[in-house]
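Novice: Last residue of the sequence shown: number 457 in full-length UniProt numbering, and the count goes up by one each step with no gaps. For glycine and all other residues, C-beta sits at the position ideal for the given N, C-alpha and C.
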Amino acid sequence: MIQKFRRVRERGSALISALALVAITALMVSGISVLATSHATLQQREADYALAMQLAEAGINYELRYVSTHLTSSPVAHLSGSAYQGSVPGVAGTFTTYVTNTDGTTNWAPPSAMTVVSTGTVNGISRTVTANCKGGGGRKLFDGKYTIFGYSGVTFSGASSAINGDLGANGPIVVKAGGNGSINGNVVLCGPSANLPGGNSVTCRSIIRQTDALTWPTIDTIVAATFPNGWSTLRSATQISAQSARMRTFVGNSPVVTVAGTKLAGWTYTSSLTNSMFNSLGVNTLILPPGDYYFTDIQISGNSKIICDTAALTVPGGTPGPVRIWVNDSTSQDTINCDVTFTTPNDPSKFRLYYNKASSISLGGNMPYYGGIYGVRAGANSAITAATISLAGGAKVTGEVIADQVSLTGGAVATGPSADMSDGGDFVIGNIYGFSDTWQEIKVIANGSVFADGTNR
C-alpha cells in the first residue's frame, strides 16, 4: 500500500512539473509575442512620427507656392483664421498650414517677410514646424515697360493722340469714329482677347503677340500690402485729419514755394477735393507735401491749382518723397482739369494716383503730369465694375498709365519714362517666396526640446 501511494505521488509530481513547463513556455511565447507586437507598434509610431514631419514640410512648400502664384489675386495667403488643410496624393495623413508676420501678428500681406506655420498629422501624431520666408525676384509695379496698358482694353476716341513708348492690352484696342493716334513704340497684344482691328487709324512700330494675358494686381491687393489695416487705415479719422493738417497754401498773392511763403491751408477734416472746398477757404492753390492722401471724390477745374511738393520745399526740415493719392468709396465721376505742377519736375517716381472707383476719372488741363497713374480695380474679374482712366484733350503724362480701361481723347500725349521710375514704396509683382532663415519645430515637451541633442532647430 505504501508503495502504491509512492507511485501516485511520483506521477503527481511529474504532472506538476509538466504543467509548470507548459506555463513557463506559454509565458515565454506570450512575452515574445508582446515584444514583437510592441516592436511593430513602436516601428509604426516612429514611421508616423517621421511622416508627420514630412507632411508638415510639404505644407510649408504648398503655402510658399500658393503665395508666389496668388500675389495679384485674393486671398494672397492662408492666414491663421483660414488655414489650409491638404494632403499629398498616395500618402496617409494631412497637413494644415497658414501664414503670420514674423512677429507673430496675423495680418500678413505682401511684400513683407512672413512666417509659415505648418502641422503634419498622421494617425493622431502631429508635428508643427515654422519657417521664416521672404520674397525676391519680382519687378516693381511701375517699371517703365509700358507707357499705356489696358487690362480690359484701350480706346482712342479723339484725333491726334500720341503714345511715346509701348502700348499693351489684354483686351481689344478700339478706335472710334474720328479717333486716331500714333504710337512711337510697339503694340503688345497679351492673351487671346487682345486685338487691334485692321483698317484702323492708329500707327505703330510693330505688333507683338503674346500667348498669355498679363496679370496686374488690383488696388485692393496693393492697399492690403501697403497699410496695416488696408483701406481702413486710409479711411480712418486719424489718417484724414493728418493729411488735412499737412495741406498748405500761399501766404499772399505772390506765390513763393518755401516754408516762409506758405501756410497751413486750414482744412481740418476732408476726404473730398472739390472747387467748393477751395472756395470755402478763399484759396485757389492747394499744396500737397509728401505723404498719402485719401479722397472719395476729386472734382477740380478752372482756376484752381494743385502743387505736389515732392521736393518738400514747404515743409520745415522736410524730406523729399512721393505724393500718393488714393481714390475710393464712391461711384461719382471725377475730374482733374486744372493746373497741376510738381516741385521735382521730370521725375515720375515721385507721384502716384491710385483710382479704385467703379467709375472714371478724366485728366486734362493742358499741362504735364509726372508719375504713375493706376486704375486696376476689376482686373481679371468680370463681375467687378472696371475703373477707367481717361486722358482728356491736352493731357500730357510722362510716366505710366495702367488701368482696367484707358481712354485717350483728342490731343492726349503719354510719354514713357526715360529712366527707372520705380519708388521704394511701389508694390512688387511676381515675388517668389522662399525660405530665408529660422526653421524650427514648435515646442512639444516641457523643456522645448524635440531632438536628442536638446534643440528644436
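What does the alpha-carbon distance come out to for the pair Thr130 and Glu46?
Specialist: Cα to Cα, the separation comes out at about 21 Å.
Novice: Is Arg246 closer than 7 Å to Pro289 when the C-beta atoms are compared?
Specialist: In contact: Pro289 and Arg246 (Cβ atoms closer than 7 Å).
Novice: Please confirm if the region 126-140 is in contact with the region 410-418, defined as three or more CB-CB distances below 8 Å between the two stretches.
Specialist: No, the region 126-140 is not in contact with the region 410-418.
Novice: Helix, strand or coil: how does DSSP classify Pro368 here?
Specialist: Here Pro368 sits in strand by DSSP.
Novice: Tell me which residue opens and which closes the alpha helix (DSSP H) that Met277 is part of.
Specialist: Met277 -> alpha helix (DSSP H) spans 275-281.
Novice: What residue from Lys263, Ala52, Pro89, Gln85 has the CA that sits closest to Gly124's CA?
Specialist: When only C-alpha atoms are compared, the closest one is Ala52.
Novice: Report the CB separation of Gly372 from Thr147 in whole angstroms; it is logged as a contact under 8 Å.
Specialist: With 8 Å as the limit, Gly372 and Thr147 do not qualify as a contact, their Cβ atoms being about 11 Å apart.
Novice: Using C-beta distances below 6 Å, list every residue in its chain close to Tyr369, excluding the 5 sequence neighbours before and after it, in chain order.
Specialist: Around Tyr369: Val397.
Novice: Below 6 Å CB to CB, which residues in the same chain sit around Tyr433 once its five sequence neighbours on both sides are set aside?
Specialist: Answer for Tyr433: Leu64, Val67, Ser68, Cys133, Gly135, listed in chain order.
Novice: Just to confirm, are Val122 and Tyr98 a CB contact at a threshold of 7 Å?
Specialist: Not in contact: Val122 and Tyr98 (Cβ atoms no closer than 7 Å).
Novice: Give the single residue among Gly181, Lys357, Asn200, Ile24 whose Cα lies nearest to the Cα of Val376.
Specialist: Selected option, being the one with the closest Cα: Lys357.
Novice: What separation, rounded to the nearest whole angstrom, lies between the Cα atoms of Asp334 and Ser359?
Specialist: Cα to Cα, the separation comes out at about 8 Å.
Novice: Between which residues of its own chain and Ser271 is the CB-CB distance below 7 Å, once the five residues before and five after are set aside?
Specialist: Taken in chain order, the residues that qualify are Ile240, Tyr294, Phe295, Thr296.
Novice: Taking the straight line between their C-alpha atoms, what separation do you get for Val128 and Tyr151?
Specialist: Correcting the residue identity first, residue 128 is Thr in this sequence and not Val. Their backbone Cα atoms lie some 42 Å apart in a straight line.
Novice: Starting from Ala237 and walking both ways along the alpha helix (DSSP H), at which residues does that stretch end?
Specialist: Looking at the DSSP string, the run of the alpha helix (DSSP H) that includes Ala237 is 237-246.
Novice: Counting C-beta neighbours from all protein chains within 10 Å, is the total for Gly93 16 or more, i.e. buried, or is it exposed?
Specialist: By the 10 Å Cβ count, Gly93 comes out buried.
Novice: Indicate the three-state DSSP secondary structure (helix, strand or coil) for Ala446 in the structure shown.
Specialist: Bear in mind that the predicted position of Ala446 carries a pLDDT of just 45, short of 50, making it too unreliable to give a figure here.
Novice: What are the uninterrupted segments assigned as beta strand (DSSP E) that are 3 or more residues long and contained completely in the region 63-135, given in chain order?
Specialist: Listed in chain order, the complete beta strand (DSSP E) runs (minimum 3 residues) inside the region 63-135 are 84-86, 94-100, 114-122.
Novice: Relative to the C-alpha of Ile300, which candidate in Met277, Ala312, Cys308 has its C-alpha closest?
Specialist: Measuring from the Cα of Ile300, the nearest candidate turns out to be Met277.
Novice: In whole angstroms, what is the alpha-carbon distance linking Ile16 and Met28?
Specialist: Cα to Cα, Ile16 sits roughly 18 Å from Met28.
Novice: If you reduce the DSSP assignment to three classes, tell me which class Gln44 lands in.
Specialist: Gln44 falls in the helix class under three-state DSSP.
Novice: Quick check on the burial criterion: 16 or more other C-beta atoms within 10 angstroms. Buried or exposed for Asp453?
Specialist: Low local confidence applies: a pLDDT of 44 at Asp453 is under 50, so the model's placement there is unreliable, with the coordinate-based value given in what follows. It is exposed - the Cβ of Asp453 has fewer than 16 other Cβ atoms within 10 Å.
Novice: Can you have a look at Pro197 and say buried or exposed, based on whether 16 or more other CB atoms are within 10 angstroms of its CB?
Specialist: Pro197 comes out exposed.
Novice: Identify whether Leu353 lies in helix, strand or coil by the three-state DSSP scheme.
Specialist: Looking at Leu353 - three-state DSSP - the assignment turns out to be strand.
Novice: Using C-beta distances below 6 Å, list every residue in its chain close to Phe5, excluding the 5 sequence neighbours before and after it, in chain order.
Specialist: Any reading at Phe5 needs caution, since the residue's pLDDT is 49, under 50, leaving its predicted position unreliable; the model's value is listed next. Hits under 6 Å: none found.
Novice: Helix, strand or coil, according to DSSP, for Gly168 in the structure here?
Specialist: Gly168: strand per DSSP, three-state reduction.
Novice: Assuming Gly191 contacts Ala213 (C-beta within less than 8 Å), just tell me the rounded distance between them.
Specialist: Between Ala213 and Gly191 the Cβ distance is about 3 Å, and since that is below 8 Å, they are a contact.
Novice: On the DSSP letters alone, give me the boundaries of the beta strand (DSSP E) that Ala358 sits inside.
Specialist: No beta strand (DSSP E) contains Ala358, which DSSP labels as neither H nor E.
Novice: Let me know the secondary structure DSSP gives Gly454 once reduced to three states.
Specialist: Per-residue confidence for Gly454 stands at a pLDDT of 44, beneath the threshold of 50, marking its modelled position as unreliable; no derived number is given.
Novice: Count the CB pairs spanning the region 104-115 and the region 210-228 that are closer than 8 Å, and state whether there are at least three.
Specialist: With a cut-off of 8 Å, the region 210-228 and the region 104-115 count as touching, because enough Cβ pairs lie within range.
Novice: Measuring CB to CB, does Gln405 end up less than 7 Å from Thr385?
Specialist: No; because the gap between Cβ atoms is not below 7 Å, this pair is not in contact.
Novice: By how many angstroms is the C-alpha of Lys305 removed from the C-alpha of Asn284?
Specialist: The straight-line gap from Cα to Cα measures roughly 6 Å.
Novice: Nearest to Leu286 by alpha carbon, out of Ser254, Asn303, Thr249?
Specialist: Among Ser254, Asn303, Thr249, the Cα nearest to that of Leu286 is on Thr249.
Novice: Within 10 angstroms of its Cβ, does Ser349 collect 16 or more other Cβ (buried), or is it exposed?
Specialist: When all chains shown are included, Ser349 counts as buried.
Novice: Based on Cα-Cα distance, which residue from Ser244, Asn431, Met367, Glu57 lies nearest to Leu391?
Specialist: Ranking Ser244, Asn431, Met367, Glu57 by Cα distance to Leu391 puts Met367 first.
Novice: Per the DSSP calculation, Trp439 is bridged to which residue(s)?
Specialist: Per DSSP, Ala131.
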